[in-house]
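The next block holds one structure in the form of structure tokens; read it before the comments.
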Amino acid sequence: EMNAMIESFISSLCVAEHTGSLGCCGWFIVILSGIFTGLLFPVTIWFCIKIVQEYERAVIFRLGRVIDRKAKGPGIFGILPCTDNLVKVDLRTVSFDIPPQEILTKDSVTVSVDGVVYFRVSDPIASVVNVSNADFATRLLAQTTLRNVLGTKNLSELLSDREGIAHSMQTNLDEATDHWGIKVERVEIKDVKLPHQLQRAMAAEAEASREARAKVIAAEGEMNASRALKEASLVISESPSGLQLRYLQTLTTIAAEKNSTIIFPLPMDVISHFMKK
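Reading the sequence shown from the start, the letters are residues 266 to 542 in this note's numbering.
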């Protein structure tokens with residue numbers, strides 16, 4: 266491990282030679298710092314050794330310039346204590362809530378929508394060099410993206426197509442934060458809050474729609490029942506004994522229920538005879 270640390274330390278000293286960006290003055294400062302570090306090695310070694318965790322990467326600036334195209338870590342490595350500046354970057358996935366946003370939809374309805382975004386740092390150097398605060402910038406961009414995407418949707422689309430809206434937001438955010446070294450992994454719409462007046466109007470509309478469907482279903486049932494009765498009457502009229510059998514079946518049903526009332530049908534022929542008189 267000590268040999269690996271020394272090799273890393275020596276390679277960090279030689280990076281400026283390959284890049285050629287330090288200049289004569291920069292080289293003089295680097296060599297002077299190296300000599301100073303070597304003379305006081307038992308003391309400066311504690312300032313040269315740096316350790317980063319498995320989920321972290323280190324971006325090293327030497328005299329204000331990035332010394333390598335790839336971030337250091339994880340593990341142990343060495344730096345120059347006087348000329349190098351180290352910035353640690355966390356690579357773990359970060360989640361944050363988008364505050365509720367008052368949005369005017371395409372059909373002029375005001376709603377309050379909030380969501381949650383999951384992102385991580387994919388390029389540590391770009392997240393440090395290209396943007397001042399990648400986390401804060403991503404949060405602000407998520408709020409504006411939410412307003413821009415939902416402003417092009419109708420209320421019905423907003424309520425029924427949350428998955429499509431979340432995917433559209435993720436695509437827009439990922440494209441916008443790509444040069445910041447940020448990878449947006451997932452976007453979810455948490456809640457859509459409607460005004461109370463609109464909620465009552467939608468509830469009344471839904472209730473009226475259900476009542477209309479119930480009336481239509483009842484009317485269709487009455488029509489089907491009338492057709493069935495008509496067909497049954499035609500079948501009974503074809504057989505004179507059919508009505509008598511139906512009467513006996515009705516008496517059997519009444520007797521099964523332990524009722525004391527017996528119904529005797531009066532033939533229509535007898536009634537017509539008295540009506541003629």
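Ideal placement from N, C-alpha and C gives every residue a C-beta, glycine not left out.
By Cβ distance below 6 Å, which residues in the same chain neighbour Asp349 in space, the five residues on each side in sequence not counted?
The answer, listed in chain order, is Ile325, Arg327.
Indicate whether Val452 and Leu438 have their beta-carbon atoms separated by less than 8 Å.
Taking 8 Å as the Cβ cut-off, Val452 and Leu438 qualify as a contacting pair.
In its own chain, which residues sit with a C-beta less than 7 Å from the C-beta of Glu367, not counting the 5 before and 5 after it?
Once the five neighbours on either side are set aside, the close Cβ partners of Glu367 are Thr375, Ser377.
Report the three-state DSSP secondary structure of Thr442 (helix, strand or coil).
Thr442: coil per DSSP, three-state reduction.
Could you have a look at Glu319 and say whether DSSP puts it in helix, strand or coil?
In this structure, Glu319 counts as coil in the three-state DSSP scheme.
Judging by CA-CA distance, which residue of Val396, Glu450, Met467, Gln435 is the nearest neighbour of Leu424?
The shortest Cα separation from Leu424 among Val396, Glu450, Met467, Gln435 belongs to Met467.
Note down the Cα distance separating Ile310 from Tyr320, rounded to an integer number of angstroms.
Computed Cα separation, rounded: 25 Å.
So Ser397 and Val382 are supposed to be a Cβ contact under 8 Å. How far apart are they, rounded?
With a Cβ gap of about 19 Å, Ser397 and Val382 do not count as contacting.
Suppose you measure from the CA of Thr409 to the CA of Gly416; what does that come to, to the nearest Å?
Cα-Cα distance, rounded: 11 Å.
Judging by CA-CA distance, which residue of Val331, Ile332, Lys315 is the nearest neighbour of Pro339?
Out of Val331, Ile332, Lys315, Lys315 has the C-alpha closest to the C-alpha of Pro339.
With burial defined as no fewer than 16 other Cβ atoms inside 10 Å of the residue's Cβ, what is the status of Thr442: buried or exposed?
Under this definition Thr442 is a buried residue.
Per DSSP, what are the beta-bridge partners of Asn350 in this structure?
Answer is Phe326, bridged to Asn350.
Between the Cα of Trp445 and those of Pro389, Val352, Pro365, spot the shortest distance and give me the residue it belongs to.
Among Pro389, Val352, Pro365, the Cα nearest to that of Trp445 is on Pro389.
So the beta strand (DSSP E) Pro365 belongs to, where does it begin and stop?
Per DSSP, Pro365 belongs to the beta strand (DSSP E) from 359-369.
Using the Cα positions of Lys495 and Leu513, report the straight-line distance between them to the nearest angstrom.
Taking the straight line joining both Cα atoms gives about 21 Å.
Under DSSP, the alpha helix (DSSP H) around Ser421 begins and ends at which residues?
First-last of the alpha helix (DSSP H) with Ser421: 420-425.
Express the C-alpha separation of Lys371 and Glu282 in angstroms, rounding to a whole number.
With a pLDDT of only 43 at Glu282, under the threshold of 50, the placement of this residue in the model should not be trusted; the figure read from the coordinates follows. So the two alpha carbons sit approximately 59 Å from each other.
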